Amino acid sequence: MSSVQLAGVADALAAVAEGTAMVVAGEVTQVLGIASACDLHRVDENVIVAGAERWVPGGADGTPDIGEFVAAELGLALGVSPASAMCRIADVLNVRHRHPGLWGAVLAGRVRFFEAARVAQACVDAGIDQTACGVVDRHCVVALALQPWSRVRGRIEGWILLADPAAAAEREAKAALARRVEVGAVKAGHCDLWGRLDAADGIAFDHALTSIAKTLPTDHDLDVRRAAAVGVLARQALGQAELPRAAEVIVHLDATPTADGADLADAAQVQGWGAVLTDRLGHVLAGCQVTVRPLLDARSMAPTDAYELPASKRRVLEGRWPADAFPHGSRASASCQADHTAAFDHDAPAGHGQTHPDLMAPLSPFAHRVKTHGGWGCAQPEPGLLVWTTPHGWQVVTTPAGTIVIQRPEPREHAWWHREPPDWLDDPPEEVDGPDPGPAQPPLALAYAFTA
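See the structure below:
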């Protein structure tokens, strides 16, 4: 049982928030120390014997060279091997020099370093240069200021495509040469299956597996039946004219007007699959029946008396809110419930018009239960803007762009992590009268250094 006893849930939540701030402060201190060590370490260029220290690239395109031996002592400070320290150095320098917006957000405590490092690594893996990284950086800074990492990470590939479409086309051509399917050795009566497929083939294969699996006996869950469907495909391949294609592929196109008034969108998001260049959509959707559903203006829609939203209005709601409208929600709105932000009055007279996209928001089942039964307040003063209040005094605004914390409750004046350290910590007495205090305890001042 913890030796620290908190007075209530509000104090516990405040302790968590304070602890998180301390963790973030520690991360910032660490990455600043790594960057400074690389900046300050010098190579003695007068030593030219074999094995002498050299200048080596610190990271990808746009990062400075560093003295290679700095990794040895950094490894000691980090508690990792020199090779791991070099990887950590590359993460820090890639963020600092290729993603200056994210670097500033990390230092300000608005973005966690691991998030910025993963963005930087995705750009390194894609092989884009420092200039293209700037495009990705600007998108990510805005997104990560408002949205959780789980919602942002799936969009990074699309921003990388937008940053350099020509390089994206080259990567696609190279990946095409590396397509293959491998079947592993038999182990415990089963084989592993792995492959890299063309996007259109991969989507069609996935849909075929699910379609066949749904026709198989339901003795097992869907995953097991999908695996069995591979055998069905293999045995029926010869002579089968057409594979089942009864599935829906949803593509989001965010059109941007150009100088001549035309609409241009260089990257399209295939829902549940990832991003592709728009000029490749024809290949991905080849053989499919395409239905174009433009996003309608909710202002032109009349309200509905029924509790449930009609399908056409449901699509408007999902188009407005791409994800769960709960604070830091990440679940896709298509799999959320359409919630009335003001309680639906089942006794209201006909024509009252309580059901309309402007009066609703997508919530996951858990978020819906918290709003209904957890004591949370929720108001939608204007369409697409929710104001949340929590039982312990937090006030948060959510919009389709993400989450903004408006008010965080102040901790109680005498909260345990804000206690002033005793005066004697600075100048402890030589002798203390009284009983033996027992084993020495860690000084309370350790905690205050982080909060200063």
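Under the working numbering, the residue at position 287 of the sequence shown is numbered 287, and the numbers go up by one with no gaps.
We put the CB at the ideal spot given by N, CA and C, even for glycine.
Since the model is a prediction, treat every value here as computed from it, not as a measurement.
- Within the same chain, and ignoring the five residues on either side of Gly274 in sequence, the residues whose Cβ sits closer than 7 Å to its Cβ are Glu157.
- Its Cα nearest to that of Cys336, the residue Pro362 stands out among Pro362, Thr278 and Ala342.
- When the five nearest sequence neighbours on each side are left out, no beta carbon in the same chain lies closer than 7 Å to the beta carbon of Gly8.
- DSSP lists Val397 as the beta-bridge partner residues of Ile404.
- Shortest Cα-Cα distance from Ala268 to any of Val290, Leu162, Pro357 and Pro327 involves Leu162.
- By alpha-carbon distance to Arg171, the top candidate from Arg88, Gly374, Val276 and His41 is Val276.
- The way I'd put it, the region 55-75 doesn't touch the region 102-117; fewer than three beta-carbon pairs between them come closer than 8 Å.
- In the same chain as Arg88, and ignoring 5 residues on each side of it, the C-beta atoms closer than 8 Å to its own belong to Ile34, Leu74, Leu78 and Val80, in chain order.
- By the neighbour-count criterion, in which a residue is buried when 16 or more other Cβ atoms sit within 10 angstroms of its Cβ, Gln407 is exposed.
- If the five residues before and after Arg110 are omitted, its C-beta is found closer than 7 Å to the C-beta atoms of Ala145, all from its own chain and listed in chain order.
- Taking Thr341 as the centre and dropping the five residues before and after it, the same chain places the C-beta of Leu359, Met360, Ala361, Cys378, Ala379, Gln380 and Leu386 closer than 8 Å to its C-beta, in chain order.
- The count of Cβ pairs closer than 8 Å, one atom from the region 395-406 and one from the region 132-147, reaches three, so the stretches are in contact.
- By the Cβ neighbour-count rule, Cys133 is buried, with 16 or more other Cβ atoms within 10 Å of its own.
- Taken atom to atom, the span from the alpha-carbon of Cys123 to that of Val230 is near 35 Å.
- Arg42 sits exposed, since fewer than 16 C-beta atoms from the chains shown fall within 10 Å of its C-beta.
- Restricting attention to Glu27, Arg179 and Ala228, the CA atom closest to the CA of Asp192 is found in Ala228.
- Taking 7 Å as the cut-off, the beta carbon of Glu27 is found closer than this to the beta carbon of Phe113.
- According to DSSP, residue pairing for Ala275 in a beta bridge involves Gln269.
- At the C-beta level, Val31 and Val92 come within 7 Å of one another.
- Excluding the 5 residues flanking it on each side, Ala185 has same chain C-beta neighbours closer than 8 Å at Cys191, in chain order.
- Excluding its 5 nearest sequence neighbours in each direction, Arg225 has C-beta neighbours in its own chain below 7 Å: Ala213 and Leu216, listed in chain order.
- Bounds of the beta strand (DSSP E) holding Trp194 are Leu193 to Arg196.
- Pro64: not part of any beta strand (DSSP E); DSSP gives it neither H nor E.
- A direct Cα-Cα distance of roughly 10 Å separates Gly127 from Gln121.
- Among the bridge pairs identified by DSSP, Arg180 is matched with Arg196.
- Check the Cα spacing between Val141 and each of Thr398, Arg179, Trp159 and Ala105: the tightest is with Ala105.
- Per DSSP, Glu73 lies in no beta strand (DSSP E); the unbroken alpha helix (DSSP H) holding it starts and ends at Val70 to Leu78.
- When DSSP states are grouped into helix, strand and coil, Leu309 belongs to the coil group.
- Around Asp129, the same chain offers Asp61, Gly62 and Asp164 as residues with beta carbons nearer than 8 Å, after the five sequence neighbours per side are excluded.
- By the CB criterion at 7 Å, Val152 and Ala166 fall outside the cutoff.
- With respect to the 7 Å criterion, Asp137 and Leu102 are classified as neighbours on the basis of their beta carbons.
- Residue state for His97 is assigned as helix, using DSSP reduced to three classes.
- Rounded to the nearest angstrom, the gap between the Cα atoms of Ala176 and Leu197 is 8 Å.
- Linking Leu317 to Ser333 through their CA atoms gives a straight-line distance of about 8 Å.
- Here the C-alpha atom of His99 lies approximately 29 Å from the C-alpha atom of Phe326.
- Collapsing the DSSP output to three states places Gly377 in a strand.
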